[in-house]
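Student: Let me begin by handing over the structure; questions about it come next.
Residue numbers (this note's numbering), protein chains in the order written: chain A, 1016 to 1362; chain B, 23 to 380; chain C, 58 to 633.
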């Protein structure tokens, strides 16, 4: 009983329950859901698809988690993803040898470097100019797509470069590359924040900025770091998305992905008000979203209606996290306790 | 015994620092201000500064366009700014209410698409426009009401609550239809093609009239009614408003209803413009609306701003678009970059002006 | 001055101020309010008469603001009755209280800087015409009100364009527009200069003549004595008494506010004597010279020797916290110099102070101290880790050792390093903060009210700790509202009053009474027979710094401002 109560009070409890429910629905609709087969040395199956398709969202959500933990938000990740895809594709297209590994390496490096600049820019607006994060990143969200189109000159850039395509749809040791990249980003973020003092500082600044200041924590460098890291994550996700279709579409690469990423963070139990964060929660959140999309497919609802379900999930999660609900629930529990207490006294 | 009673000899006073400056800096005798200093005072005021800059910017762009391009400097080019952006004006009006309270509404673009889809699909099945349009307005207002309640009762951040509404509206679009539905209803076509001549070869569309009526009502509501002043009061300080006994809760919910209503109406105007419903229309329009409001001088933190400023903001966006069209060699994505740059400039301007004042 | 032997009777027996004896406009009887774990008000009586200025006095946690909130309907009361103009009332909120004639002007001006002066006065009850606001009537009405207060302010100007003082007066204009019977001014003068205070007092007097009962809450004793007719003293949620201002000596007032608390500190009986340290001729660790910050603390000198405990004594708002914050790098000083071991330093951030091994523990535990959602361990290592930087993490094992050792040394309960600090009691949170600061091995530890609001056991432990730390060579700056505590721990006591240092005394034979005298009057009331036996100790004060202060009369308070000398209050008071 107490173990159950302990589990239920864990912040991971509801996200995991949600994930399990979705799995169950899938299993009913499609009995082969959990089957994983090996074909040509590569893993196949619904679960693998979920992991692979969810990888870009997860990568961005990892960066977003750290930003949100500092009481911030980054709306520009979709635009950054589009820019990095556009940069990589235009470099590959412009090179004499689009198929060579060196070209792709240069393209990827340049794309990532540019994303660092964009992240520093966001960090500058938030940390130095003191603009509210939602507004500061709105600027890049608006202008970023324009910049991406500027790079692609309004075209959809299709590249024919096997090494680049490998980023999106390749396999390594049977596992999709996208999943491996996501795992690396996730592990790196966990290592960086939990093995150094970064995580504690991020949480501390998110929970109580003034107390942190008085304890000597430097918030400015911290904000620069998280926004830059988030932009880097966005760029990596953008590269995967672009490589997957082998085409850079400035308008549609990473469209709405900022919302999915925020959603994953929120579902994972990290509060939008900042403070304690859980990367594992974000992982579960990203899986919930991707499984939801898959479920909609398997159950036979028009896939495009996923957004209605996402809306429902956001609403439910927000209402569950709301202080009003918490108050109402605790009031209810207290009344319950009083009643049962009386019962005991009577007996 | 005190200098408070002395009329100040200088004009617009700098705000003294907390607890130090003299108390006798009450700005009085408006007529006595020297014009240059008065102009500076207006420019550096968080209330009038940004909107004045926007006005000057608009005139400047228009004049530059006039010198650069043949046929730019005409009445019809100016009127077309209204014709092409009537729906955006209505959206910006609703967004102004929301942002004045310090909130934000990300759902407006999706709601525009949704109301277009509802209109197109219902008209297709033979409903009368006289029923469809009011129905849309009621439905989008109800959506706004739900968002408002979520924000006020459940203390969900406006950003995330309207995000949920955005998902919902966009998703419902797809549920209605995944492809474009064209509108063949004669009333809609009539409204779409008719021009109202203004003489001298100039004309506007009925949408412009509707948008201007909405603007007029909004100006009156914001500046002439208690509700409107409460909207400003919430933006200036919600706690203070509560302590003053103002109906903060009701007002906060109502601004989202207004925004929902305006989005619905904007959607209808948009269908007059496009004569179809398409689930992917108006993606990113919320950003245009927010940009118009911010460029129009409304502070994103709330409290300062004018509906007419937002209209001016829409016109600035419109004239940039027009210039790019006239330029020919400039591609459309420059619009986005320009809007982003303008947003940046105005947000920093706001930051500077409020930091100086507070 | 000689009536002092006859303390004014408590509320129940005190006669009204004047012979005409009108009925009280407000009468609160037996008011009790409890919050979880705290009894904020315990059977408090309070009353106000029309046409008088009444002051509510008390230190932190005395229950002043709770009583005001009970009167204005912000808090419901658990027991007692409130009578307004003879009728039992119970307000569901400030709006109702305001409608009934009780208006409040808060310390933080609760007006809207983005709206016009006229709107700020009239908002919520604008005159209307044809469904809209009648702007012309609004302007007329607000202009009348402003003129009634003698304010020449354009009603159409933006509120935010006016100084805080004018905003305050506009807030009063708003308050009296609702035909206020009772006007509550909560700390109205805390950020005003002398001229502005004089202007405010002019307005208060004119309202008083109109029969409004005014509740004036201020930390400035001089102002209370200048403007008030009667005052009520609260301490720890209980009524100490109601007194006529003319009949209560300042020193008695201060004593009643601070009280003498018996603490369980018998084992610390041997006081920290100045002699112990002074004999070693210890070097000065930190020395502030004319250190000041506008609107917070007038330039002050403060040397602190190695291993010395310096106590700051003074009332709330006297500048005791403000001075400490400058030393801790929390606020930047705008005048003066700071030297550490004779070397000139500028502290621009807490971080820099920490790197100099100066630790500041804020009085505001919740907002500036603990990081509630983090664990005890994280809270303890936070400052040390911040000093080391991101990439030199303290190894997990070391963290545990640190946490465990402090948990044991300071007796933190529960002793679980993984518990969230939010869930600890106030005293244990305070100990966690102490552990955080001790972990950086500070050479100067600044403790701002470390024992406030915590239980007696924890209090004794913290006091003992301070004592031991100093014995081991750490300098401590100790701030407390409890003079007993200051005296028990300090080698030296610096007394502040109205943002000025008024005395800097060796703690050699100092008594609570002598400190009280300094806090109350800024000098020794040597003509007062009650103090004569303590005269020798106090004489140091008079010579040491009292004289210097007289010479450099700052503009921080009315009493010092010249024309409105502190002799006026008695004559003013008679008029009510």
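Think of the CB as a built atom: it goes at the ideal place given N, C-alpha and C, for glycine as much as any other residue.
Could you tell me the distance, in whole angstroms, from the CA atom of residue 355 (chain B) to the CA atom of residue 238 (chain B)?
Tutor: 33 Å
Student: Quick one: measure Cβ to Cβ for residue 358 (chain B) and residue 1086 (chain A), integer angstroms, because I've assumed they're closer than 8 Å.
Tutor: Not really, about 28 Å apart at Cβ, beyond 8 Å.
Student: Any beta-carbon of chain B closer than 7 Å to the one on residue 1345 (chain A)?
Tutor: no
Student: Rank C:141, C:228 and C:520 by C-alpha distance to the C-alpha of residue 174 (chain C) and give the top, closest one.
Tutor: Nearest option by C-alpha distance: C:228.
Student: Is residue 162 (chain B) closer than 7 Å to residue 306 (chain B) when the C-beta atoms are compared?
Tutor: no
Student: What would DSSP say about residue 1224 (chain A), mapped onto helix, strand or coil?
Tutor: If DSSP states are grouped into helix, strand and coil, residue 1224 (chain A) belongs with the helices.
Student: Around the Cβ of residue 92 (chain C), are there at least 16 other Cβ atoms within 10 angstroms (buried) or fewer (exposed)?
Tutor: exposed
Student: Anything in chain C within Cβ reach of residue 247 (chain B), meaning under 8 Å, just list it in chain order.
Tutor: 188, 189 and 190
Student: Would you identify the three-state DSSP class for residue 554 (chain C), choosing helix, strand or coil?
Tutor: strand
Student: Kindly indicate if chain B contains any beta-carbon less than 7 Å away from that of residue 171 (chain C).
Tutor: yes
Student: Comparing the C-beta of residue 1161 (chain A) with each C-beta of chain B, is any distance below 7 Å?
Tutor: yes
Student: Given that a residue counts as buried once 16 or more other Cβ atoms are within 10 Å of its Cβ, and exposed if not, what is residue 372 (chain B)?
Tutor: buried
Student: Give a yes or no on contact between the region 1136 to 1143 of chain A and the region 1236 to 1249 of chain A, applying the rule of three or more CB pairs nearer than 8 Å.
Tutor: yes
Student: Taking any Cβ of chain A, which residues in the region 172 to 186 of chain B have a Cβ under 8 Å from it, in chain order?
Tutor: 172, 175, 176, 177, 178, 179, 181, 182, 183, 185 and 186
Student: Mind checking whether residue 501 (chain C) and residue 342 (chain C) have CB atoms under 7 Å apart?
Tutor: yes
Student: Is there contact between the region 1163 to 1178 of chain A and the region 1107 to 1127 of chain A, where contact requires at least three CB pairs shorter than 8 Å?
Tutor: yes
Student: What does the Cβ neighbour count give for residue 548 (chain C), buried or exposed, with the cut at 16 atoms within 10 Å?
Tutor: buried
Student: Given that a residue counts as buried once 16 or more other Cβ atoms are within 10 Å of its Cβ, and exposed if not, what is residue 154 (chain B)?
Tutor: buried
Student: Strictly below 8 Å CB to CB, what residues from chain A border residue 484 (chain C)?
Tutor: For residue 484 (chain C), none of the residues of chain A pass the 8 Å Cβ criterion, the least Cβ distance being about 18 Å.
Student: Name the two residues that bound the continuous alpha helix (DSSP H) containing residue 1273 (chain A).
Tutor: 1272 to 1282
Student: Check the Cβ-Cβ distances between residue 1314 (chain A) and every residue of chain B, and say whether any is below 7 Å.
Tutor: no
Student: Would you verify that the beta carbon of residue 1138 (chain A) is, or is not, closer than 7 Å to some beta carbon of chain B?
Tutor: no
Student: Am I right that residue 279 (chain B) and residue 118 (chain B) are in contact with their C-beta atoms under 8 Å? What's the rounded C-beta distance?
Tutor: Contact between residue 279 (chain B) and residue 118 (chain B) is absent: CB atoms are separated by about 14 Å, not below the 8 Å threshold.
Student: Quick one: what's got a C-beta closer than 7 Å to residue 1313 (chain A)'s C-beta in the same chain, skipping five residues either side?
Tutor: 1041, 1044 and 1045
Student: Distance check for residue 254 (chain C) and residue 270 (chain C), CA to CA, integer angstroms please.
Tutor: One C-alpha to the other measures close to 19 Å.
Student: Shorter than 7 Å from the beta carbon of residue 422 (chain C) to some beta carbon of chain A?
Tutor: no
Student: DSSP three-state label for residue 292 (chain C), please.
Tutor: strand
Student: Starting from the beta carbon of residue 1079 (chain A), find every residue of chain B whose beta carbon is closer than 8 Å, and list them in chain order.
Tutor: None at all; the shortest Cβ gap to chain B is about 13 Å.
Student: In whole angstroms, what separates the C-alpha of residue 1220 (chain A) from that of residue 1228 (chain A)?
Tutor: One alpha carbon belongs to residue 1220 (chain A), the other to residue 1228 (chain A), and they sit about 8 Å apart.
Student: I need the DSSP call for residue 169 (chain C), collapsed to helix, strand or coil.
Tutor: coil
Student: Would you say residue 1279 (chain A) faces chain B, with C-beta separation under 7 Å as the test?
Tutor: With its beta carbon at least 7 Å from every one in chain B, residue 1279 (chain A) lies outside the interface.
Student: Check whether the Cβ atoms of residue 376 (chain B) and residue 138 (chain B) lie closer than 7 Å to each other.
Tutor: no
Student: How would you write the range of the beta strand (DSSP E) that residue 347 (chain C) sits in, first residue to last?
Tutor: 341 to 350
Student: Show which residues of chain B have a CB atom less than 9 Å away from the CB atom of residue 1180 (chain A).
Tutor: By Cβ distance, chain B contributes nothing, its closest Cβ being about 26 Å from residue 1180 (chain A), past 9 Å.
Student: Tell me whether residue 224 (chain C) is buried or exposed, calling it buried when 16 or more other Cβ atoms sit within 10 Å of its Cβ.
Tutor: For residue 224 (chain C), the number of other beta carbons within 10 angstroms of its own is at least 16, and it is reported as buried.
Student: Please check if any C-beta of chain C sits within less than 7 Å of the C-beta of residue 1051 (chain A).
Tutor: Not one chain C Cβ lies under 7 Å of residue 1051 (chain A).
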